[in-house]
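What follows is one structure encoded as structure tokens, with my remarks underneath.
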Amino acid sequence: MEKTFNPSQIEQACYQHWESKGMFTPSGQGEPYCILLPPPNVTGSLHMGHAFQHTIMDALIRYHRMKGDNTLWQCGTDHAGIATQMVVERQLNAQGQTRHDLGREKFVERVWEWKEESGGNITQQMRRLGTSPDWDREVFTMDDKLSAAVQEVFVQLYDEGLIYRGKRLVNWDPVLLTAVSDLEVVSEEEDGSMWHMRYPLSDGSSSIVVATTRPETMLGDSAVAVHPDDERYKNMVGKTITLPLTGREIPIIADDYVDKDFGTGCVKITPAHDFNDYEMGKRHNLALINILCDDAKINDEAPEAYRGLDRFECRKRIVADLDALGLLVEIKPHKLKVPRGDRSGVVIEPYLTNQWYVAVESLAKPAIEAVESGEIRFVPENWNKTYYQWMHNIQDWCISRQLWWGHRIPAWFDEHGKVYVGKSEAEVRSKYSLSNDIALRQDEDVLDTWFSSALWPFATMGWPEKTPELNTFVPSSVLVTGFDIIFFWVARMIMMTKKFTGQIPFKDIYITGLVRDENGDKMSKSKGNVLDPIDVIDGIDLEALVAKRTTGMMQPQLAEKITKQTRKQFPNGIDPYGTDALRFTFAAMASTSRDINFDMSRVEGYRNFCNKIWNATRFVLMNTEEFDTGNAGGELVLSPFDKWIWSRFERTVAQFEQQLSEYRFDLAAQTLYEFTWNQFCDWYLELSKPIVNSETASEAEKRGTRHTLINVLEQLMRVLHPFMPFITDEIWQKIKPLSANVTNAPSIMVDAFPTFTKSLIDEQSEQDIEWVKAFVMGIRNIRGEMDIAPSKRLPVLLHNMHAQDVSRLANTQSYLLTLAKLESIDVLDASAQAPASATALVGEMEILIPMAGLIDKAAELARLNKAADKLEKDVARTEGKLNNQNFVGKAPVEVIDKEKAKLADAKMQLDKIKEQRIAIEKM
RNA sequence: ACGACUAUAGCUCAGUUGGUUAGAGCGCUACCUUGACAUGGUAGAGGUCGGCAGUUCGAGUCUGCCUAGUCGUACCA
74 MEKTFNPSQI EQACYQHWES KGMFTPSGQG EPYCILLPPP NVTGSLHMGH
124 AFQHTIMDAL IRYHRMKGDN TLWQCGTDHA GIATQMVVER QLNAQGQTRH
174 DLGREKFVER VWEWKEESGG NITQQMRRLG TSPDWDREVF TMDDKLSAAV
224 QEVFVQLYDE GLIYRGKRLV NWDPVLLTAV SDLEVVSEEE DGSMWHMRYP
274 LSDGSSSIVV ATTRPETMLG DSAVAVHPDD ERYKNMVGKT ITLPLTGREI
324 PIIADDYVDK DFGTGCVKIT PAHDFNDYEM GKRHNLALIN ILCDDAKIND
374 EAPEAYRGLD RFECRKRIVA DLDALGLLVE IKPHKLKVPR GDRSGVVIEP
424 YLTNQWYVAV ESLAKPAIEA VESGEIRFVP ENWNKTYYQW MHNIQDWCIS
474 RQLWWGHRIP AWFDEHGKVY VGKSEAEVRS KYSLSNDIAL RQDEDVLDTW
524 FSSALWPFAT MGWPEKTPEL NTFVPSSVLV TGFDIIFFWV ARMIMMTKKF
574 TGQIPFKDIY ITGLVRDENG DKMSKSKGNV LDPIDVIDGI DLEALVAKRT
624 TGMMQPQLAE KITKQTRKQF PNGIDPYGTD ALRFTFAAMA STSRDINFDM
674 SRVEGYRNFC NKIWNATRFV LMNTEEFDTG NAGGELVLSP FDKWIWSRFE
724 RTVAQFEQQL SEYRFDLAAQ TLYEFTWNQF CDWYLELSKP IVNSETASEA
774 EKRGTRHTLI NVLEQLMRVL HPFMPFITDE IWQKIKPLSA NVTNAPSIMV
824 DAFPTFTKSL IDEQSEQDIE WVKAFVMGIR NIRGEMDIAP SKRLPVLLHN
874 MHAQDVSRLA NTQSYLLTLA KLESIDVLDA SAQAPASATA LVGEMEILIP
924 MAGLIDKAAE LARLNKAADK LEKDVARTEG KLNNQNFVGK APVEVIDKEK
974 AKLADAKMQL DKIKEQRIAI EKM
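Residues in the first sequence are numbered consecutively from 74, following this note's numbering.
Now the structure itself:
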């Protein structure tokens, strides 16, 4: 084995071995365990968020697979309607074409080509991450089977009256020329203005001033509203005003929606261009006057002067024209929330169109109950409040999109515009008894991408057919996803799965945080702080990284700043850290629902951890490869150290499993790290050296230790495997032949997870080894503090020993000499006078290192004073507690006993230190 | 406006139902190339747990208020 672990040498071959041998396929035996992969955009690439979530999912999958569960990770990709269509349109634009030049059919062909070309990208990247989904079951949301499920669902919902078509206001993206759902609109506060405009009463008696942030919509006003109790305007209600620039006469109405204290207390009402006005228009039977074309230019409803103008151009003209007429009262700066499309970034218009909707109320009810009853559990739990809040106020879902890429809506119109819904034209004709001479044309629109993803839990299992998978893997075990898609996806899956299978889609929902950069900023192209997980795995040189971050930018002017910042942060580029280090980093940072501030120094730390494991293996191999490890038989005598490490290992397994079951990946990772580094490597490997190298130990003893070395390591690899799949398999392949593991598993990933063995817990050995550790650490402390060269062998005297100290010493004396680098250990008679010494305490036993020629008087006094100060504080605090009658009277006995014991121990130590201090001062 | 979350060492974070001296990693200081590993070893420094009040024998942990920050939802034209 090489001296340093080199991940790039092993990872890809290892993965091919797993995949080619079909190890990702469910075993078909044991308890079902299933995770649904949130399908990533088929033409997308893997980002840090994916890498994080996939690590979590893969760790769970690998763990359950090793536990013997019938484990399925269902994977696939999403067609991502708008996003993918936009990419292809941009490609066309670059060639000076639009999708209309190609026509629908050719354009969709083009998107399929793009999908074929780039569709394998993200799944290849997932393989680099070591993920182990069942690739044979990979599904694309526009596969025939999924499409069939989509149609089936649509038709059923329509037939039940839960899907309907309606003309109403929708969020309209005037650049993409499609409707979008409420969730696809993001409103950010922006600087704007509030224009106060005067509308004259038709009878000339007076005028009324309205305030608006969108003056251009006045062309579509159909009323002015005031509050019914507003004394200022009470006498005007019922009168009309003459709308400037149009000359239309419109009523003044009263409605308690109006806030008397906001603006002027008068609101212009434009039912065709504002959601609130639309509702008020319905209440008061107002005209809907649409003044916009679909690209947000002014249409022919408006006076000729404004027709064809862009909405913002029109705004300027209206303001100027009103000003010229003396009707512009004032313009105030005003902050307002501007709704923008999450994809296009342009201002969304409320726009009157025909769209398809899902009536969600009846679907929402069982979906709410599923969480209320505890059948579905959010982890952490507080997300259920977010869920409830949204579900209780849920609005009908606009599912039609005026795009070409997606599932075409299975509805046909006859020449009169009558609609027929069915899975195909043929089915529609027979279902509605339409003869062939009646012309039908299919609806042009496609469905919202999330409509098909909502069916993911059952459509991927073969629904509507009655497949065995439906019975086995619905509900799935846990959904791992981000809070950002609770509404988009999670809620809708619950509704649809409940509706069509009667089952919940998953039992637990583990909500992850976001992966941010090391400063807590969101990773984004425009900030230039994006990290590619593959670059962390393989490494990347500085120039390539800079190039990656600065090409294809929306705002090229930022390139310079990003270049500088990148050169500063990564002067030498990024080192190749390997997949296992990256995965372990994600696991270790995954504390409950907290965002991750991704820090490269953590990855480096876990890369070092991999190297530590690698070198521990080298050590173990060095001591077992050419030797008898007792696997073929032969007497094994286990040392206290061997028993101790087995005991600690069993506790580690138990703790790890407990933490994993609570989705505490951070604690689970910490448990493994602590055991591996601080117990196994720091202590056990060191403790084993005196035995395996001993000239006096028996062959049975040596065999016992070699046996423990190889088998603890072998089992440790299995425990580490869910987090670190590559290095563990690589090592396991090397060490398994030397171990007691007799399975024929071709890989550690399909071998068994170690089972907690209670009989190996050995309290006695644990306490004995703690004594050894305290002994060694006491001496090391003196050595460190007194600046004694580590190579200097020290003579040691022991004083005030109890029977247990004597027996422990007898069992471990030869090892202590090696571990603490001692020249000799001598026991001092109780009556004997100790020479001036530096002292360490192990319980009540004193370890004395005679100072002669070694130790500086002042330094030792300083050390003793430091220890005494600390103990004095402890004693004072504890005495204070025990003298407090309230404490003694009310605290539980165990707590009081603990305090008493603590006090006695501190006092004893303090006395000994004081004695030492006196002895030293006398020198 | 409502809701959720966060505030603990220089940095990033743990800290379970309140109960020993509040922990880890990274960074820092000193020493050490000892036959697994310098991507290492040993020892060490560093915290009035955001603030104020309360409950309690006892509060990092529970309650209230305040401050700072993050996010979500709904918004007044």
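The C-beta atom is built at its ideal place from N, Cα and C for all residues, glycine as well.
Of all alpha-carbon atoms in D835, A167, T319, N308, the one lying nearest the alpha-carbon of Y379 is that of T319.
D653 sits away from I421, with the two beta carbons spaced by 8 Å or more. One alpha carbon belongs to F700, the other to T816, and they sit about 22 Å apart. Y430 is not a Cβ neighbour of I482, given a cutoff of 8 Å. Ranked by Cα distance from D648, the options A617, I610, Y583, T636 are led by I610. DSSP places P713 in the helix class (H, G or I) of the three-state scheme.
Your pair M566 and A527 checks out as a contact, with CB atoms roughly 5 Å apart and the cut at 8 Å.
Secondary structure within the stretch 723-796: the alpha helix (DSSP H) runs of 4 or more consecutive residues, fully enclosed, are 738-746, 759-765, 772-793 (chain order). Separation of S674 and L587 (C-alpha to C-alpha, rounded to the nearest whole angstrom) is 19 Å. Boundaries of the beta strand (DSSP E) around P273: 258-273. Bounds of the alpha helix (DSSP H) holding I993 are 966-994. Taking the C-beta atoms as reference points, H152 is found no nearer than 8 Å to G535. Residue V433 holds the alpha-carbon nearest to the alpha-carbon of W463 among D328, V433, E377, Q576. Straight across, the Cα-Cα distance linking A156 with P548 is about 30 Å. Annotation: M215 is outside any beta strand (DSSP E) and is labelled neither H nor E by DSSP.
Taking all protein chains shown into account, E919 has 16 or more neighbouring C-beta atoms within 10 Å of its C-beta and is therefore buried. If one requires a minimum length of 3 residues, the beta strand (DSSP E) runs lying completely within the stretch 860-931 are 867-872, 895-900, 910-915, 918-923, in chain order.
For N427, the enclosing beta strand (DSSP E) has its first and last residue at 422-431. In this structure A661 is in contact with A742, their Cβ atoms being roughly 4 Å apart against a cut-off of 8 Å.
Where I610 is concerned, the enclosing alpha helix (DSSP H) starts and stops at 606-611. Annotation: R287 is outside any beta strand (DSSP E) and is labelled neither H nor E by DSSP.
Closest in C-alpha terms to F213, from the list F227, D516, T196, V228, comes T196. Spatial neighbours of V452 in its own chain (CB-CB distance under 6 Å, excluding positions within 5 residues in sequence) are listed in chain order as D581, Y583, Y736. Rounded to the nearest whole angstrom, the CA to CA distance from R856 to Y136 is 44 Å. A Cβ-Cβ separation of about 17 Å leaves I577 out of contact with E454 under the 8 Å criterion. Between the stretch 493-512 and the stretch 589-605 there are fewer than three C-beta pairs closer than 8 Å, too few to call the two in contact.
Distance from the Cα of I783 is smallest, within the candidate group T769, E768, L758, for L758. Using a Cβ distance threshold of 8 Å, I898 and V879 do not count as a contacting pair. Counting only unbroken stretches of 4 or more residues, the alpha helix (DSSP H) elements lying wholly within the stretch 179-243 are 193-201, 217-232, in sequence order. Nearest to H90 by C-alpha distance, out of I134, T636, I821, is I821.
Closest in alpha carbon position to A935, among A911, Q638, G953, Q958, is A911. By the C-beta density criterion, F659 is buried, having at least 16 other C-beta atoms within 10 angstroms. Excluding residues up to 5 positions away in sequence, R779, L782, I783, L811 lie with their Cβ nearer than 7 Å to the Cβ of T697 in the same chain. Using a C-beta cut-off of 8 Å, the stretch 357-372 makes contact with the stretch 337-348, since at least three inter-stretch Cβ pairs fall below that distance.
Contact annotation, L133 with P206: C-beta distance approximately 12 Å; criterion of less than 8 Å not satisfied. Under the DSSP assignment, L436 falls outside any beta strand (DSSP E), being part of the alpha helix (DSSP H) whose first and last residues are 434-445.
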